[in-house]
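Take a look at the structure set out below.
There are 2 protein chains.
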Amino acid sequence: MISAKALPPTNGSSNGFHRPLTVIALDAMGSDKSPGPELDGAILACRSLPVHILLVGPQDKLEQGLAARPSLRKRAIEIVPASEWITMDDKAVAAVRSKRDSSMRVGCKLVREGRAAAFVTAGNTGAAMATSKMVLGMIPGVDRPALTAVLPTSTGSPCIFLDVGANVDCKPHHLLQFAVMGEMYARSVLNIARPRVGLLSVGEEEGKGNQLTREAYPLLQSAGLNFVGNVEGRDLYNGRADVIVADGFIGNVALKTSEGLAKMVRDLLRESLKSTITSQVGAMLSRRAFEDFKRRLDYSEYGGVPLLGINGACIIGHGSSNARAIFNAIRVTAQFAESGTNKRIAEAVAGMHDASAAVTVDD
Amino acid sequence: MISAKALPPTNGSSNGFHRPLTVIALDAMGSDKSPGPELDGAILACRSLPVHILLVGPQDKLEQGLAARPSLRKRAIEIVPASEWITMDDKAVAAVRSKRDSSMRVGCKLVREGRAAAFVTAGNTGAAMATSKMVLGMIPGVDRPALTAVLPTSTGSPCIFLDVGANVDCKPHHLLQFAVMGEMYARSVLNIARPRVGLLSVGEEEGKGNQLTREAYPLLQSAGLNFVGNVEGRDLYNGRADVIVADGFIGNVALKTSEGLAKMVRDLLRESLKSTITSQVGAMLSRRAFEDFKRRLDYSEYGGVPLLGINGACIIGHGSSNARAIFNAIRVTAQFAESGTNKRIAEAVAGMHDASAAVTVDD
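Residue numbers (the working numbering), protein chains in the order written: chain A, 7 to 369; chain B, 7 to 369.
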């Protein structure tokens with residue numbers, strides 16, 4: 007078995023990469039059409055990324071799947087057996103408890119045992135959060151994990167938006183922790199030197215907002231962040247901030263509202279284009295532009311969303327992931343694992359705890 | 007001076023309409039480019055709607071503006087002088103207190119005195135809410151006014167979404183009142199016989215949500231509404247419910263997130279289309295489709311958002327309103343005034359107060 011830290015140098019050179027491979031535990035049974043997208047995505051990743059994949063799931067099924075996909079690079083893929091898997095219809099907490107040999111659980115254990123540097127799944131988000139929290143625990147000093155979306159903006163650089171669904175009814179110090187975690191992720195993975203951090207509210211002035219944001223504002227202001235103050239919903243997509251923090255209820259509503267609007271826009275545009283012959287010709291001619299446009303908004307290009315605060319690098323992909331989305335999720339996961347984000351988060355949170363007792367209140 | 011209730015029959019017939027005109031008080035100094043859009047919008051409205059407009063603002067300026075716009079129908083427009091106006095940069099509450107002869111205040115007074123059936127402004131939203139609440143008061147039994155957006159959906163029928171910004175930190179019984187008000191608006195103005203009412207949350211099951219939505223759920227369930235349970239952000243645009251209620255903080259974030267995403271989509275699409283000659287030709291050919299698409303998403307087609315709960319019909323338009331948007335705002339305002347929505351809301355809320363003492367708790 008290959009260690010997450012020290013890989014045999016032959017493996018690195020045989021892959022054409024001159025540094026040790028990063029070992030990624032991939033839940034092979036996560037996506038809606040699993041394991042096909044996972045198998046194809048893993049093969050794609052091994053071709054072009056310095057990674058070694060531990061493919062977690064039912065051994066027979068995965069062996070058959072790999073056998074049906076001849077590829078030179080498959081030596082960088084290894085199957086780790088797990089007899090069960092959690093479906094999208096499973097109730098998260100119940101499934102995590104009852105399916106003790108699930109691919110998610112086994113994948114997270116590989117990280118805990120140091121056999122993988124990171125875990126990635128396109129499966130049930132609630133179950134992935136619960137499993138990773140249970141198996142890996144939290145970064146010391148962090149109270150709650152935050153599901154973190156990477157949104158496209160009109161400036162081309164992404165906006166880190168958290169929490170988008172892990173926690174509702176947050177306390178002000180949770181928002182502060184989200185801000186610190188998002189800032190570290192933006193620094194470490196996106197290489198933004200001094201990320202601008204905004205607090206999602208309903209007006210720009212300090213006094214605007216609800217009780218939670220009004221109480222969180224001074225905490226963010228005095229935390230040594232590059233805090234740009236309150237931002238509004240429209241700022242999620244205009245690049246006004248690199249990191250935007252919100253309670254998980256608000257973040258989830260904002261993200262799903264965006265998904266709903268984007269879908270309606272696509273549907274209406276398609277319908278409008280179909281309505282006249284001239285438009286049909288026009289649509290045919292502008293196809294390349296639409297493909298470009300779609301790619302820029304496409305979830306699969308962003309791969310997956312990190313679950314920050316977990317004591318281990320975890321990325322959750324979309325259930326509808328195709329092979330390209332899985333490939334990108336693996337790419338982002340490897341970046342996350344290599345970035346040292348979690349170590350930096352732990353240091354920053356420890357510094358905050360020293361600086362202010364108010365911040366250390368547990369929920 | 008013409009009364010809001012009984013107009014001289016000559017006026018009705020001279021306009022080509024065979025029923026009394028609805029008198030609308032229009033803030034002439036609301037929009038960013040006021041009073042131009044208001045003057046043009048009022049003239050458009052008088053040409054095709056059974057309305058008489060009381061144009062509220064500085065007499066000289068409005069007289070000059072009307073004189074510069076020759077039209078047969080101007081006899082249905084009357085200037086009501088107001089020496090001051092509230093700008094977009096004014097702090098709402100301070101401006102409402104200090105500008106005692108503002109066009110908003112005079113406009114609301116016209117409704118209070120029965121000289122106008124409804125008030126419409128494209129001005130400062132916060133000031134309009136504060137002024138109308140102060141001058142007109144609340145419908146008995148309603149605790150808070152709700153700013154109500156009318157969203158387009160992929161099914162073609164709109165979704166009534168409230169509150170989108172009047173109230174943060176709502177209590178469960180406020181959400182119930184919003185539900186009742188939204189339902190009555192959907193019935194009376196949009197003619198939906200049995201509007202489906204949803205509660206905006208982060209999952210469909212009853213137990214999903216934050217403390218507020220979990221406590222509001224049973225209230226909505228037992229209120230005799232056609233309650234479809236929790237809905238998610240994406241349901242704002244897919245027609246799953248006719249009315250969706252949320253705390254004003256959530257509603258405002260969802261609405262502004264939508265605005266931001268729509269703007270980014272337009273920008274990216276334009277950029278993608280410009281990127282190749284073929285696409286330029288394609289874009290030219292599909293222009294009609296884009297115009298159709300834009301129209302279906304365009305704010306100006308929806309005119310303005312009602313402020314429900316105020317004891318008088320009030321509509322707030324977008325600051326960037328053009329003449330067409332003002333025309334549509336007047337059209338919607340007249341519908342609102344004629345619909346009897348407020349009377350029905352008062353009856354429904356009174357019934358609720360009788361039925362359950364828990365609902366009558368004041369905030």
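The beta carbon of each residue, even a glycine, is placed where N, CA and C say it ideally should be. Source: prediction; values computed, not measured.
For Ala152(B), there is no enclosing alpha helix (DSSP H); the enclosing beta strand (DSSP E) covers residues Ala152 to Leu157.
Looking at Pro56(B), Ala128(B) and Arg103(B), the one whose alpha-carbon comes closest to that of Val62(B) is Ala128(B). At the C-beta level, Val234(B) and Gly204(B) come within 8 Å of one another.
The C-beta distance from Leu142(B) to Ile316(B) rounds to 5 Å, short enough to meet the 8 Å contact threshold.
With its beta carbon at least 8 Å from every one in chain A, Arg150(B) lies outside the interface. Among the CB atoms of chain B, one or more fall inside 8 Å of the CB of Tyr243(A). As summarised for the stretch 155-231 of chain B, the continuous beta strand (DSSP E) elements at least 3 residues long and confined to that stretch are 165-168 and 202-206, given in chain order. By a beta-carbon distance limit of 8 Å, Ala329(B) contacts Pro43(B). Their separation comes to about 5 Å. Lys262(A) is positioned such that its CB atom lies closer than 8 Å to that of Glu238(B). Rounded to the nearest angstrom, the gap between the Cα atoms of Ala31(A) and Ala268(B) is 37 Å. Judged by their CB atoms, Leu218(A) and Asp253(A) are nearer to each other than the 8 Å cut-off.
A residue is called buried once 16 or more other Cβ atoms fall within 10 Å of its Cβ, and Gln341(A) is buried on that count. A Cβ-Cβ separation of about 23 Å leaves Asp96(B) out of contact with Ala152(B) under the 8 Å criterion. Your pair Val102(B) and Gly318(B) does not check out as a contact, with CB atoms roughly 16 Å apart and the cut at 8 Å. When CB distances to chain A are screened at a threshold of 9 Å, the residues of the stretch 191-207 of chain B falling below it are Leu206 and Ser207, in chain order. Distance from the CA of Pro56(B) to the CA of Lys214(B), rounded to the nearest whole angstrom, comes to 47 Å. For Asn236(A), the secondary structure class from DSSP, reduced to helix, strand or coil, is strand.
Contact annotation for Asp273(B) against chain A: Ser160 [CB-CB distance below 7 Å, chain order]. DSSP lists Leu32(A) and Ile321(A) as the beta-bridge partner residues of Val126(A).
Cα atoms of Thr159(A) and Val251(A): separation of roughly 16 Å, rounded to the nearest angstrom. In this structure, Glu265(B) sits away from Arg276(A), with a CB-CB distance that is not shorter than 8 Å.
One alpha carbon belongs to Ser163(B), the other to Leu274(A), and they sit about 13 Å apart. Contacts between Ile256(B) and chain A, judged by CB atoms closer than 8 Å, involve Phe255, Ile256 and Val259 in chain order. Bridge partners of Ser108(A) according to DSSP: Glu90(A). Proximity of Val174(A) to chain B, defined by a Cβ-Cβ separation below 8 Å, is satisfied.
By the rule that beta-carbons nearer than 8 Å mark a contact, Glu265(A) touches chain B. In terms of CA proximity to Asp149(A), Leu314(A) leads the group Leu314(A), Cys52(A) and Arg272(A). Chain A has a Cβ within less than 8 Å of the Cβ of Met270(B).
In this structure, the beta-carbon distance from Thr347(B) to Val126(B) does not fall below 8 Å.
Contact annotation: Ala122(B) and Leu60(B) have beta-carbon atoms nearer than 8 Å.
Exclusion of the five residues before and after Ala185(A) leaves Val203, Leu205, Leu226, Ala229, Leu231, Phe233, Val249 and Val251 as the residues of its chain whose Cβ lies within less than 8 Å of its Cβ.
With a cutoff of 8 Å on beta-carbon distance, Gly36(B) and Leu168(B) are scored as not near each other. For Pro312(A), DSSP records a beta bridge to Ile321(A).
Within chain A, the residues placing a beta-carbon under 9 Å from that of Gln217(B) are Val174 and Asp175, ordered along the chain. Nearest neighbour of His179(A) by Cα position, chosen from Glu221(A), Met140(A) and Met144(A), turns out to be Glu221(A).
Close partners of Glu238(A) in chain B (Cβ separation under 7 Å): Lys262.
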